[in-house]
Amino acid sequence: MENKVLKILMVDDHPMIIEGYQHTLLATKKENQTLEIDIATDCDSALAAIKKSKNIGKPYDIYFFDISIPQSSDGIYKSGEDLAKHIKQTQPEAKVVILTMFNEVYRIHNIIKTINPEGFLIKSDLTSSELASAFEVIQNNPPFYTGTINNTIKRSIFNPIEVDEINHKMLYFLSLGVRTKDLVEPLGITLSAIEKRKKNLKELFAVEDGKDETLISIAKEKGYI
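To convert, note that position 6 of the sequence shown is 7 in the numbering used here; the numbers rise steadily by one, no gaps.
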């Protein structure tokens, strides 16, 4: 059986986590596979590794990107999410795996929509066997989503209230503690339009006391944040 070499780049700013991932993949790979795994801990080191691999004519086959990593020194790449988008645009044949602790509905849907990764793994869901299963599916029959991702998708599909992308964004930012008046720029709409949307959402979610905090609480309960 012909030996297959897979070049992998793992990007995470927690060395112990990367070490665990490496150990699992090496311990569960197929007999005819050789895994060449490089690591990076921030956007700059990841970009340097990506550039080097392409310069020598051996680009990576699979990328693992943690979302929360230090941004590039030029400020262009602010997260693993930005690196994933870059790979999808410049190396569409490669497989991209997103790793994160984030489990907000808006964030999950946005990553699936903008990146459409071959793997989407919530770190708190991962066990060694789960990672091994994910690696197999990602190679042969992607995508692979961990339980939290699948449950989020199911909740949103069967949710009876229609919430558009701007409202998702608004709820997400409000849940982070961003003040209403500071939402004008990130949402790209006027303050009066934001207030109108908030009022409509409070009616949709039957927020009896009219408070933003209650709106956020109910939206989280229903799986919108």
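Note that beta-carbon positions come from the ideal geometry of N, C-alpha and C, so glycine has one too.
Selection I109, P143, F121 evaluated against E94 yields P143 as nearest (Cα-Cα).
In the three-state DSSP reduction, F174 falls in the helix class (H, G or I). Taking 7 Å as the cut-off, the Cβ atoms of D126 and I70 do not count as close. With fewer than 16 other Cβ atoms inside 10 Å of its own Cβ, V6 counts as exposed. Excluding the 5 residues flanking it on each side, D62 has same chain C-beta neighbours closer than 8 Å at L7, K8, I9, A95, K96, in chain order. Less than 7 Å divides the Cβ of D39 from the Cβ of A50. Per DSSP, Y64 is one residue of the beta strand (DSSP E) stretching across 63-67. For a cut-off of 8 Å, the C-beta gap from T147 to I167 is around 28 Å, too long to register as a contact. Around the CB of I57, fewer than 16 other CB atoms lie within 10 Å, so the residue is classed as exposed. Burial is judged here by how many other beta carbons sit within 10 angstroms of a residue's own beta carbon; A207 has fewer than 16 and is exposed.
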